[in-house]
Ligand SMILES: Cc1ncc(COP(=O)(O)O)c(C=O)c1O
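Now the structure itself:
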């Protein structure tokens, strides 16, 4: 049985239902967060909870209860979660008459569930994945982890249809912003590059950890966006997110790029160390390091 938290109580996920008038359902009015468990132990949870509060504040949504109460609920869901899983939680503005402007008094609805992670082919880490490029048609507040994921769903469905695992979003000026579910990095001219946070992207927790680890290892880092043209010269390309950590990119729009190189591997080592230290369990990307 998979336990979840919804509308103030714990229940089996199969029994969970939402009111039709919930603004999360009608307008996507809400935000979400995802963090990972290794051997049942949470990784980087504080950073994810911080970002959850930042996302809520970005849409003027007040989190009911205290942070301690929220963490208490997360603890309980973790205790029933599969060892290899992620915790998904979201807050919608709750039920209200269907008007675009939200009412002064809302009753926000918190939901928390654990999702078991399936096996990932080792070749994804050893050789890399295929991605497609896709126009970044998202809104202008991508720092908010909003429930409105339709552009991301459209992009990922196109990727699946073309046999690719992910997407690189390209904005109107021709810059790569990020992926549909991940941050994007490339090694260009010897520098590790990724778009800065001012670039309408999500402040990825894994992105933050990777940049921290790169600086600790003395790798040359530039938080500056790169164009599709510059990407042709990249010696390494990878994407980062909570479920996959660091995933090398081997093909962009059917064109092969060089697989995981020395910087990607160094950063995977850093990630593996961090996960091991914090949870006592191996990181997934360590399959590429053996
Ligand atoms: C658009 C987008 N960018 C980046 C990320 C990576 O964020 P994190 O490393 O915190 O999982 C995600 C994760 O869901 C995402 O949806």
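Numbering (our numbering), first residue to last: 1426 to 1715.
Just so you know, even glycine gets a beta-carbon here, dropped at the ideal spot from N, CA and C.
On a predicted model such as this, the values are computed, not experimentally measured, just so you know.
DSSP-derived helix/strand/coil call for residue i
i, result
"residue 1529", "coil"
"residue 1687", "helix"
"residue 1435", "strand"
"residue 1712", "helix"
"residue 1566", "coil"
"residue 1523", "coil"
"residue 1692", "helix"
"residue 1449", "helix"
"residue 1606", "coil"
"residue 1576", "helix"
"residue 1468", "coil"
"residue 1498", "helix"
"residue 1650", "coil"
"residue 1477", "helix"
"residue 1699", "helix"
"residue 1611", "strand"
"residue 1583", "helix"
Beta-carbon proximity of residue i to residue j, cut-off 8 Å
i, j, result
"residue 1518", "residue 1448", "yes"
"residue 1671", "residue 1652", "no"
"residue 1605", "residue 1581", "yes"
"residue 1557", "residue 1587", "yes"
"residue 1455", "residue 1572", "yes"
"residue 1524", "residue 1514", "no"
"residue 1646", "residue 1636", "yes"
"residue 1609", "residue 1634", "no"
"residue 1494", "residue 1477", "no"
"residue 1712", "residue 1555", "no"
"residue 1474", "residue 1538", "no"
"residue 1483", "residue 1568", "yes"
"residue 1576", "residue 1533", "no"
"residue 1462", "residue 1508", "yes"
"residue 1684", "residue 1553", "yes"
"residue 1691", "residue 1468", "no"
First and last residue of the uninterrupted beta strand (DSSP E) at residue i
i, result
"residue 1510", "1510-1517"
"residue 1593", "1591-1595"
"residue 1487", "Run containing residue 1487: none; DSSP gives neither H nor E here."
"residue 1558", "1554-1560"
"residue 1541", "1534-1541"
"residue 1717", "The structure shown has nothing for residue 1717, since the chain only spans 1426 to 1715."
"residue 1675", "1670-1677"
"residue 1617", "1616-1618"
"residue 1462", "1455-1463"
Residue i versus residue j: straight-line alpha-carbon distance, rounded
i, j, result
"residue 1623", "residue 1511", "28 Å"
"residue 1630", "residue 1649", "18 Å"
"residue 1616", "residue 1658", "12 Å"
"residue 1679", "residue 1600", "19 Å"
"residue 1546", "residue 1674", "14 Å"
"residue 1627", "residue 1434", "30 Å"
"residue 1452", "residue 1625", "21 Å"
"residue 1503", "residue 1693", "26 Å"
"residue 1550", "residue 1520", "43 Å"
"residue 1638", "residue 1466", "21 Å"
"residue 1529", "residue 1485", "11 Å"
"residue 1522", "residue 1446", "7 Å"
"residue 1436", "residue 1505", "11 Å"
"residue 1427", "residue 1585", "28 Å"
Outcome for residue i when other beta-carbon atoms lying within 10 angstroms are tallied against a minimum of 16
i, result
"residue 1535", "buried"
"residue 1578", "exposed"
"residue 1561", "buried"
"residue 1715", "exposed"
"residue 1666", "buried"
"residue 1480", "buried"
"residue 1548", "exposed"
"residue 1442", "exposed"
"residue 1602", "buried"
"residue 1471", "exposed"
Where the alpha helix (DSSP H) through residue i begins and ends
i, result
"residue 1506", "Unbroken run through residue 1506: none, as it is neither H nor E."
"residue 1634", "1630-1641"
"residue 1656", "1653-1656"
"residue 1551", "1547-1551"
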